[in-house]
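Going from the sequence shown to the working numbering is simple: count from 1 and add 560.
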Amino acid sequence: MSLNDEERAIIVAREIEKARQFMVEAEGCAQMKFWSTSANRLYYALFHAVSALLIRDRHQVGSHKGVVALFGQHYVRTNIMTTDEARLYSRLQSLREKADYNCLVETSEEEILPMIEPVKEMIEKIGGLLASSSDGIRQ
């Protein structure tokens with residue numbers, strides 16, 4: 561799908577807005593001790609933030625694994641994002657898949673609580689990268 565700059569800017573803004581909303585939901589689920597749901601929301605918060613970055617930079621966003629691969633290729637290998645941030649994203653993807661699709665997996669407070677602040681920081685870092693161009697689009 562080919563987007564003009566205005567359409568791209570709208571989608572990027574919606575993606576980062578969704579990331580921030582899912583972050584709020586993740587924190588709320590953690591407060592209620594819904595650890596699997598919190599893992600899901602944390603993962604999707606990052607997924608939408610990373611998708612915003614990819615869309616802004618005109619990369620084709622496809623599958624979840626494709627988003628992770630493009631993130632690594634275009635932002636981690638180029639030192640825009642860190643390997644620790646990439647590991648956090650991958651860890652959440654794995655945790656979310658296990659929690660969502662494997663009824664034998666229990667997600668714990670010990671796994672989730674330490675991830676909340678780093679995810680929040682990563683979303684804000686991506687938000688800053690998006691805001692670094694006046695229209696949200698990098699040429």
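Ideal Cβ positions, reconstructed from N, Cα and C, are used throughout, including at glycine.
Pick from LYS593, ASP644, PHE582, LEU613 that is closest to ALA569, judged by C-alpha positions: Here the question's residue 569 lines up with position 9 in the sequence shown. When each option's Cα is compared against that of ALA569, the closest is LEU613.
Contacting residues, own chain, Cβ-Cβ under 7 Å from PRO678 (five flanking each side not counted): Numbered from its first residue, the sequence shown carries residue 678 at position 118. Cβ neighbours of PRO678 beyond the five flanking positions: LEU648.
CB contact flag (ALA629, HIS608, <8 Å): The sequence position of residue 629 within the sequence shown is 69, counting from 1. The sequence position of residue 608 within the sequence shown is 48, counting from 1. Cβ distance not < 8 Å, so ALA629 and HIS608 don't count as in contact.
GLU566 versus ILE576 - alpha carbon distance: As a first step, residue 566 is located in the sequence shown; it is residue number 6 there, counting from the start. As a first step, residue 576 is located in the sequence shown; it is residue number 16 there, counting from the start. Distance between the alpha carbons of GLU566 and ILE576 is about 16 Å.
VAL656 to SER692 span [Cα, whole Å]: Along the sequence shown, read from residue 1 onward, the residue named residue 656 stands at position 96. Along the sequence shown, read from residue 1 onward, the residue named residue 692 stands at position 132. A small fix is needed here, since residue 656 is Arg in this sequence, not Val. Roughly 31 Å separates the two Cα atoms.
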